[in-house]
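Chemist: Shown below is the structure under consideration.
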Amino acid sequence: MTVVKTSIGRRSFLKTSALAGGGFMLSFSWLAGCKPAVETLELPKEWFELNGYLKIGENGLVTIMSPNPEIGQNVKTSMPMLVAEELDVDWKNVIVEQAPLNTTVFTRQLAGGSQSIRQGWKSLRMAGATARKMLREAAAKAWQVSADEITTEASMLYHKASGKSASYGEMASAAANIEVPKEVELKNNNDFKIIGTSRNNVDGKKIVTGQPLFGLDYRKEGMLIAMIAHPPAFGMKLKSVDDSQARSMPGIKDVFTIKTYPEDYAQQWCDVDSFPDLVVVVGNTTWEVMNARKVLKLEWENFSDHEISSSTFWGTTVKVKVPGGLENTATHNQVMAEASKLATVARKDGNPEAVFKKAAKVIERSYSAPFLAHNTMEPMNFFAHVTSEKAELVGPTQTPEFMEKSVAARLNLPVEKVDIQMTRQGGGFGRRLYGHFMVEAAVISQKVNAPVKLIYTREDDMSFGVYRPAYLAKYRAALDENNNLIAFHVNAGGIPESPLFANRFPAGAVENYLAESWTAPSNISVGAFRAPASNFIAGAEQSFLDEVAEAAGKDPIQFRLELLERALNKPVGERNDYEAKRLAGVLELVRSKSNWGQDVPNVHRGVSAYFCHDSYVAHVIDLKVDNGKPRVEKVYCAVDCGIVVNPVAATNLVEGGSVDGIGHAMFSGLTFTNGTPDQNNFNKYRLIRHREAPKAIDVHFVQSTVDPTGLGEPPFPPVMGALANALYKATGKRHYSQPYLGEGIELG
Amino acid sequence: MATFSLNVNGKNQEVDVDPNTPVLWVLRDHLNLVGTKFGCGIAQCGACTIHIDGVATRSCMLPISSVGNQKVTTIEGLSENGDHPVQKAWLEHDVPQCGYCQAGQIMSAAALLEENPNPSDEQIETAMNGNICRCGTYVRIKAAVKTASKIINA
Chain A
447 MTVVKTSIGR RSFLKTSALA GGGFMLSFSW LAGCKPAVET LELPKEWFEL NGYLKIGENG
507 LVTIMSPNPE IGQNVKTSMP MLVAEELDVD WKNVIVEQAP LNTTVFTRQL AGGSQSIRQG
567 WKSLRMAGAT ARKMLREAAA KAWQVSADEI TTEASMLYHK ASGKSASYGE MASAAANIEV
627 PKEVELKNNN DFKIIGTSRN NVDGKKIVTG QPLFGLDYRK EGMLIAMIAH PPAFGMKLKS
687 VDDSQARSMP GIKDVFTIKT YPEDYAQQWC DVDSFPDLVV VVGNTTWEVM NARKVLKLEW
747 ENFSDHEISS STFWGTTVKV KVPGGLENTA THNQVMAEAS KLATVARKDG NPEAVFKKAA
807 KVIERSYSAP FLAHNTMEPM NFFAHVTSEK AELVGPTQTP EFMEKSVAAR LNLPVEKVDI
867 QMTRQGGGFG RRLYGHFMVE AAVISQKVNA PVKLIYTRED DMSFGVYRPA YLAKYRAALD
927 ENNNLIAFHV NAGGIPESPL FANRFPAGAV ENYLAESWTA PSNISVGAFR APASNFIAGA
987 EQSFLDEVAE AAGKDPIQFR LELLERALNK PVGERNDYEA KRLAGVLELV RSKSNWGQDV
1047 PNVHRGVSAY FCHDSYVAHV IDLKVDNGKP RVEKVYCAVD CGIVVNPVAA TNLVEGGSVD
1107 GIGHAMFSGL TFTNGTPDQN NFNKYRLIRH REAPKAIDVH FVQSTVDPTG LGEPPFPPVM
1167 GALANALYKA TGKRHYSQPY LGEGIELG
Chain B
4 MATFSLNVNG KNQEVDVDPN TPVLWVLRDH LNLVGTKFGC GIAQCGACTI HIDGVATRSC
64 MLPISSVGNQ KVTTIEGLSE NGDHPVQKAW LEHDVPQCGY CQAGQIMSAA ALLEENPNPS
124 DEQIETAMNG NICRCGTYVR IKAAVKTASK IINA
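The structure is reproduced here in structure tokens:
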């Protein structure tokens, strides 16, 4: 048993017994879960709030607040499972509600970096354990016995010696008046009853029946619809507006321009200001606003090099240069080739240059990948109602804590006056970390003095992106006459960010190692995209290692395992950011589960393994070739993410990440002509579809007692390498440039 | 503007809108049926799939003036209690991740099974190919369609 000091803020333990539907429940009732998934109990007459995370009804129903943004990673189910575990409650009597943004009660209300479960592992369990202790103490008082003698199980309290028992509902009122304990005990892993068991999505029924859950579904009495017009190209700004025709269109209330951020505003990392001046059309209905926007007569002009103020993580303000000019993909390739010559050394072990000179064999390859648009299926949108008193915002955001500050600063309101409610989100993948659309919605609402829902069309969403950068990586490997890898060199960079992780595998496994990094400036806005940087470098490195293994005449899994053996037993360098044993562990697991090494007619296999977000994932892909076209027959996937909280959802995430990775490596890419994205909807931008998806995916988790690590991102990057390696086996052609579709290959 | 009489989920409704308004926006903005989703606006992603006289149709490019007295069914009207075989199968397989595309997926699957209660893998792939899922739940979608087929044929 683990004893932990309770560190939940005092305000989260306000002992109130609010009536059902009271307080914020009322204002949020359109979203609130009204009944548990299995309708065994009616709603209680009274709720007793034991802490900010949970309240218990007199009939035993428990409401657990899910603090973090739900973007499809299942936190709305799996985070409350952690609370329920330590509370010892019967899951079928649990209602889950999305918590509003409340930084006093909740910590890290953010969806990013695959960290929600990792960061919530202790605090959420503590919230459940605290409430359980208060219930036991309430029962002890009532029964005049020691609390230590009281046990709990499935929402019941028992005193074995006297034979007394009571339900949580019966004790809830008394428990709410018990002093908050100073420390609580957390369960041992082998006592878990909910953690490690599969629990279906708490919103499942609402999703399959089309209930309003998402930001785009939100509505409020008197709400208007707003859309924006932004410059057609990165590098352009607004010159003039003729809105006379648009204003006269039916249903239109107003047309005006806004500035998203004031000139002197120091932008946070999540603020994006690619297009500072926007034209806004506000009207009664979506279709009317869409039509009016079409008849706006707008002139744009190129902007020149300028600087913007940006605040750093450390609170200082720095000036960031934004280059002028209209960029082109064709030129980008040249820019990257030039920039790569000016790389800086990120890590150097041994004497790589000397070793390359005397090597028996040198393998040298380059890999590239284009910009990617996130393409969450729910386009960007947000509701805002701003009055002189306060700002109410509702919608999909991954960074409510941060964007609250941006909205407050822009509206010149104290942060306390900005209220942000999170809806379920139709995908995130990093795009909703950058909440400029929240600021836009707030400024628009303030201007028209009415509740407003800002909607991006798919074209807006794809052409006003915060894209995955474009990348280029050059690799060299040196083999000696016995085919040992004696030197390794990576030179990686991107527009405008580098994908290099200098201290990840194979760093630590090669005596002579050189990692170099570079960037090239751009005015195209970029940001985090599911497993940032890893989402390119994993595929490049794992494709390259496959070629090196082949050149060395070794089995690709055995080749990697030998390197990992070296990293484990005699690591090179001071700092290696991965556990060689766990990386080897997933390779061994996928080798055994896929029966690697057994040749099956017309099955062409590729392997890869990668570490990111503290987790380890290995893939084996089986391709079959029919009518000359390869198709993904099966994906085997081995994952080490520590303790698996909710296996059904974890498996779903790994399956999805694998499909998503195959899709992006194979089909997706955003190119630019004179600053304008060449693709702005799904007729030009390809995402993987049903027919191209793997026929089967076989997911295996390493049995682990390690505290949970990331899962939303780790299954995404490595599969790209496995795909390239399997394609080589199927067709004899190596792939170096994503999307592979552009290299003349299709999936059947 | 013009007045249109519609039969949506078995109920007669009247709306006064521009005849070119896509059915998607009539449903979402005028009838407050927001289960049908906006994804692309050009009939490429399938998030807006509804049934017109039982046939899976993209509602984002379908002008309201073309509906006439055909029956419109949305995800909200697919079943009374959320117990259509496809909905049941979707829950059994815990298909959704973000969930945004799933109403469209379910409507496509329900129309397929109405026409062909025993689809082959290839027929499922063809029928479901117009519905994009960025979360990548395709493997579960296929499994759920097969389960729904079993429920229907039981």
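Each protein sequence line maps, in turn, to chains A and B. Under the working numbering, think of the first position of the first sequence as 447, with each following residue one higher. Under the working numbering, think of the first position of the second sequence as 4, with each following residue one higher. Glycine is no exception: its CB is placed at the ideal position from the N, C-alpha and C atoms. The model shown is predicted, which means the values in this text are computed figures rather than measured ones.
Run the CB neighbour count on W537 (chain A), radius 10 Å, all protein chains shown included, and call it buried at 16 or more, exposed below.
Modeler: buried
Chemist: Which residue from A:C1087, A:A854, A:F829 and A:A837 puts its Cα closest to that of T843 (chain A)?
Modeler: A:F829
Chemist: Under a Cβ-count criterion, where at least 16 other Cβ atoms within 10 Å of its own Cβ denotes burial, should V1276 (chain A) be classed as buried or exposed?
Modeler: Lying outside 447 to 1194, the shown extent of chain A, residue 1276 (chain A) is not represented and no answer is given.
Chemist: In angstroms, rounded to a whole number, what distance separates the CA positions of I1067 (chain A) and A1055 (chain A)?
Modeler: 12 angstroms
Chemist: Enumerate in chain order the residues of its own chain whose CB-to-CB distance from Q906 (chain A) is below 8 angstroms, with the five nearest sequence positions on each side excluded.
Modeler: A small fix is needed here, since residue 906 (chain A) is Asp in this sequence, not Gln. Taken in chain order, the residues that qualify are M673, I674, H676, P825 and M826.
Chemist: Is any beta-carbon of chain B found at less than 9 angstroms from that of D1106 (chain A)?
Modeler: yes
Chemist: Can you find the residues in the same chain that come closer than 7 angstroms, C-beta to C-beta, to D700 (chain A), ignoring five residues on each side of it along the sequence?
Modeler: Non-local beta-carbon contacts of D700 (chain A) in its own chain, meaning distances under 7 angstroms to residues more than five positions away in sequence, involve V728 and V894 in chain order.
Chemist: Should D86 (chain B) be labelled buried (16 or more other beta-carbon atoms within 10 Å of its own) or exposed?
Modeler: exposed
Chemist: State buried or exposed for G467 (chain A), treating a residue as buried only when at least 16 other CB atoms are found within 10 Å of its CB.
Modeler: With a pLDDT of 28 at G467 (chain A), under the threshold of 50, the modelled position of that residue is not reliable, and the figure given next carries that caveat. With fewer than 16 Cβ atoms within 10 Å of its Cβ, G467 (chain A) is classed as exposed.
Chemist: Tell me, please, whether the CB atom of C138 (chain B) is closer than 9 angstroms to any CB atom in chain A?
Modeler: yes
Chemist: Who does A46 (chain B) pair with in a DSSP beta bridge?
Modeler: Looking at the DSSP output, A46 (chain B) sits in no beta bridge, so it has no partner there.
Chemist: Could you tell me whether any Cβ in chain B is nearer than 9 angstroms to the Cβ of G881 (chain A)?
Modeler: no
Chemist: Could you confirm whether any beta carbon from chain A is found closer than 9 angstroms to the beta carbon of E17 (chain B)?
Modeler: no
Chemist: Using C-beta distances below 6 angstroms, list every residue in its chain close to M1166 (chain A), excluding the 5 sequence neighbours before and after it, in chain order.
Modeler: G985, G1107 and A1111
Chemist: What does the alpha-carbon distance come out to for the pair L27 (chain B) and T731 (chain A)?
Modeler: Rounded to whole angstroms, L27 (chain B) to T731 (chain A) spans 12 angstroms at the Cα level.
Chemist: Within the same chain, show all residues whose beta-carbon is closer than 7 angstroms to that of G873 (chain A), passing over the 5 residues directly before and after it, in chain order.
Modeler: I517, G518, T822, M823 and E824
Chemist: Can you find at least 3 beta carbon pairs, one from the region 736-756 of chain A and one from the region 684-701 of chain A, that sit closer than 8 angstroms?
Modeler: Contact between the region 736-756 of chain A and the region 684-701 of chain A is present, with at least three C-beta pairs closer than 8 angstroms.
Chemist: Exposed or buried, which one is N1171 (chain A) when buried takes at least 16 other CB atoms within 10 Å?
Modeler: Residue environment: N1171 (chain A) is assigned as buried (16 or more neighbouring CB atoms within 10 Å of its CB, all protein chains considered).
Chemist: Output needed for S757 (chain A): all residues of its chain with C-beta closer than 7 angstroms, excluding positions within five of it in sequence on either side, in chain order.
Modeler: A712, Q713, Q714 and T763
Chemist: At the level of alpha carbons, what is the spacing between I53 (chain B) and G133 (chain B)?
Modeler: 13 angstroms
Chemist: List the endpoints of the continuous alpha helix (DSSP H) containing I154 (chain B).
Modeler: Y141 to N156
Chemist: Name the residue from A:A955, A:A998 and A:F1113 whose alpha carbon lies nearest to the alpha carbon of N1015 (chain A).
Modeler: A:A955
Chemist: Within 10 angstroms of its Cβ, does W760 (chain A) collect 16 or more other Cβ (buried), or is it exposed?
Modeler: Burial call: exposed.
Chemist: When you compare the region 911-924 of chain A with the region 972-982 of chain A, are there three or more beta-carbon pairs, one atom per stretch, that lie closer than 8 angstroms?
Modeler: yes
Chemist: Using only the alpha-carbon positions, how far apart do A612 (chain A) and E625 (chain A) sit?
Modeler: 20 angstroms
Chemist: So, under 8 angstroms CB-CB, K1070 (chain A) and V1100 (chain A) are touching, yes? Tell me the CB distance rounded to an integer number of Å.
Modeler: So it is not a contact: roughly 22 angstroms between Cβ atoms.
Chemist: Would you give the residue range spanned by the beta strand (DSSP E) that M682 (chain A) belongs to?
Modeler: Residues M682 to D688.
Chemist: Taking only three categories from DSSP, how would you classify T39 (chain B)?
Modeler: coil
Chemist: Counting C-beta neighbours from all protein chains within 10 Å, is the total for M4 (chain B) 16 or more, i.e. buried, or is it exposed?
Modeler: Per the 10 Å Cβ criterion, exposed.
Chemist: Could you name each continuous beta strand (DSSP E) segment of 3 residues or more that falls completely within the region 755-820 of chain A, going from the start of the chain to the end?
Modeler: Entirely contained in the region 755-820 of chain A, the beta strand (DSSP E) runs reaching 3 residues are, in chain order, 763-768, 790-795 and 807-815.
Chemist: Hey, is the region 1072-1079 of chain A in contact with the region 6-13 of chain B, meaning 3+ C-beta pairs nearer than 8 angstroms?
Modeler: no
Chemist: Quick one: give me the first and last residue of the alpha helix (DSSP H) that V529 (chain A) is part of.
Modeler: V521 to L533
Chemist: Quick check on DSSP: helix, strand or coil for L496 (chain A)?
Modeler: strand
Chemist: State the Cα-Cα distance for the pair N623 (chain A) and K501 (chain A), rounded to the nearest angstrom.
Modeler: Annotation: N623 (chain A) to K501 (chain A) spans about 13 angstroms, alpha carbon to alpha carbon.
Chemist: With distances taken from CA atoms, which of A:A966, A:T775 and A:N514 is nearest P1123 (chain A)?
Modeler: Among A:A966, A:T775 and A:N514, the Cα nearest to that of P1123 (chain A) belongs to A:T775.
Chemist: Classify S512 (chain A) as buried or exposed, calling it buried when 16 or more other Cβ atoms lie within 10 Å of its own Cβ.
Modeler: Burial call: buried.
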